[in-house]
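Only one structure is covered here, and it is reproduced in the block below.
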Amino acid sequence: MGIYDRLSMKWQNIISIAFLTLLSTLAIIGWAYFLHFPWAWLFHIILIIELFMLFAVNYSEYQASSVNGAGGWSTFGYIFFQGAFVIAITVLRFIIWIAERFGLV
């Protein structure tokens, strides 16, 4: 029996949510790095937004874990935000690429 099995259900949920949000944050940061924006400050803004959302969601989930039935709901919003954020930064990079291609930037 591992240490994870000995934890209460509350702490198992907190660890699961923290792991899920950390993985999705690292995936977004990796995707933004892969897109290779021409300005370093834009990558730093994406990094700051992602880390802020990571801490905000995990803090919210930790506070909600003490209320029955309230834990886990902000994670759904976070995952939808992540999907929209991926689409937004990909479209932004495509627009920048088009502008670079035609000499507008």
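Letter by letter, the sequence shown follows residues 91 to 195 in our numbering. We treat Cβ as the ideally placed atom computed from N, Cα and C, and that holds for glycine.
To the nearest whole angstrom, what separates the beta carbons of residue i and residue j, a pair I think is in contact under 8 Å?
i, j, result
"I179", "A117", "Incorrect: roughly 12 Å between the Cβ atoms, too far for contact."
"A108", "N148", "5 Å"
"P128", "I186", "7 Å"
Are the CB atoms of residue i and residue j nearer to each other than 8 Å?
i, j, result
"V181", "A189", "no"
"R183", "L137", "no"
"S155", "I104", "yes"
"Q172", "S114", "yes"
"T111", "L141", "no"
Under 7 Å Cβ to Cβ from residue i, same chain only, skipping five residues before and after it: list those, please.
i, result
"F175", "I118"
Using a Cβ-Cβ cutoff of less than 6 Å, which residues in the same chain neighbour residue i once the five nearest sequence positions on both sides are dropped?
i, result
"S150", "S164"
Could you spell out the range, first to last residue, of the alpha helix (DSSP H) harbouring residue i?
i, result
"G167", "163–191"
Starting from the C-beta of residue i, find all residues in its chain whose C-beta is less than 8 Å away, skip the five residues before and the five after it, and write them out in chain order.
i, result
"I139", "F175"
"F133", "A122, Y123, F127"
"L97", "I105"
Those runs of the alpha helix (DSSP H) which lie wholly inside the stretch 93–141 and span at least 4 residues: 93–96, 99–125
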